[in-house]
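Residue numbers (my numbering): -1 to 236.
Glycine included, each C-beta is placed from N, C-alpha and C at the ideal position.
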Amino acid sequence: MKKFIFACNFKMNNVSIEEYKRVMGEDDYSNVILCPNFCQLYQYAELKKNGVFLGAQNVSEYNNGAYTGETSADMLKNAGVDFCIVGHSERKKYNFETLSQTNLKIKKLIEFGITPIVCVGEELCNNETMSQTEYAKRYVLVELKEILQDIDISKVIVAYEPIWAIGTGKVAGIEHIKEVIDAIKKYAEVEFVLYGGSFGESNFEQIAAIDCVDGALIGGASLKPELICKMKKKLEEK
Ligand code: 13P
-1 MKKFIFACNF
9 KMNNVSIEEY
19 KRVMGEDDYS
29 NVILCPNFCQ
39 LYQYAELKKN
49 GVFLGAQNVS
59 EYNNGAYTGE
69 TSADMLKNAG
79 VDFCIVGHSE
89 RKKYNFETLS
99 QTNLKIKKLI
109 EFGITPIVCV
119 GEELCNNETM
129 SQTEYAKRYV
139 LVELKEILQD
149 IDISKVIVAY
159 EPIWAIGTGK
169 VAGIEHIKEV
179 IDAIKKYAEV
189 EFVLYGGSFG
199 ESNFEQIAAI
209 DCVDGALIGG
219 ASLKPELICK
229 MKKKLEEK
């Protein structure tokens, strides 16, 4: 079976590095990206000895200057960051991030050699004449068109996260995920597309078995190091 990517977004939660160290032991975790809060980045860099990649959850679209509370791509690079999540729906909702801002952030990350994990995803469709899947495909392609403008697509990873599935326990159906991710790959020709939204113990095997899904962007389940390691090992036994 292909190596499935586990991209773990801790969001604003402290997850014990000691616990991750304990469960990882000496094993290889080179298909795992851990994205802790900014304050824990330096601590988590220690897990690179296991092959783990370090991810951030946000970046500024500027290089430096009077932007209180912001962190530049250059600073992230110096902290050992390899990947960075951009355009997450929670940043759009709570920080009013726009698609053109996301586009600028992606450009900055690529300039500094960090791989952007670009999030797209739709709300629930309230148009009775259209299926959720059809709505999702149209919605994410419109988002991608703007977000990926003038960007070398080979340098980004896309994460498809239906907003209604995030933190709700409602996972998108297998056929829905397959159709939307196929449409993304047809449109953008990106190498890796992840699925995100209530990914966990009860559904990881079915989702990982979908051909076009290269990995998952995981919120809640990533707060449990033991579960991440268990799911990773289980998939590798196949
Ligand atoms: P959950 O896995 O908690 O639904 O979160 C998904 C997510 O938002 C990852 O970025």
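Since residue i and residue j are thought to touch, with beta carbons under 8 Å apart, how far apart are those beta carbons, to the nearest angstrom?
| i | j | result |
| --- | --- | --- |
| Phe2 | Gly213 | 5 Å |
| Gly239 | Val79 | This structure gives no information on residue 239, because the portion of the chain shown stretches from -1 to 236. |
| Glu126 | Ile161 | About 19 Å; that fails the 8 Å criterion. |
| Val211 | Ile155 | Not confirmed; about 12 Å, so no contact. |
What does DSSP give as the partner residue(s) for residue i in the beta ladder?
| i | result |
| --- | --- |
| Pro114 | Cys82 |
| Leu32 | Cys6 and Leu52 |
| Ile151 | Paired residues: none, contrary to the question. |
| Ile216 | Cys6 |
| Ala157 | Cys117 and Leu192 |
With H, G and I counted as helix, E and B as strand and the rest as coil, what does DSSP make of residue i?
| i | result |
| --- | --- |
| Asn56 | coil |
| Asn277 | Nothing about residue 277 can be read from this structure; the chain reaches only from -1 to 236. |
| Leu146 | coil |
| Ala181 | helix |
| Glu126 | coil |
| Ile205 | helix |
| Asn61 | coil |
| Lys222 | coil |
| Glu241 | Outside the modelled stretch of the chain, which goes from -1 to 236, sits residue 241, for which no answer is possible. |
On the criterion of 16 or more Cβ atoms from any shown chain inside 10 Å, does residue i qualify as buried, or is it exposed?
| i | result |
| --- | --- |
| Lys166 | Strictly speaking, residue 166 in this sequence is Thr, with Lys absent from that position. Flag for Thr166 reads exposed. |
| Glu24 | exposed |
| Gln55 | buried |
| Leu107 | buried |
| Ser87 | buried |
| Lys47 | exposed |
| Phe94 | exposed |
| Ser129 | exposed |
| Asn76 | exposed |
| Glu59 | buried |
Nearest to residue i by alpha carbon, out of the options?
| i | options | result |
| --- | --- | --- |
| Leu97 | Glu144, Leu32, Phe202 and Glu203 | Glu144 |
| Glu304 | Leu215, Leu45 and Ala157 | Because residue 304 is not part of the residues shown, which for the chain are -1 to 236, the question remains open. |
| Phe190 | Ala157, Ile164 and Ser220 | Ala157 |
| Val84 | Lys232, Leu215, Lys228 and Cys227 | Leu215 |
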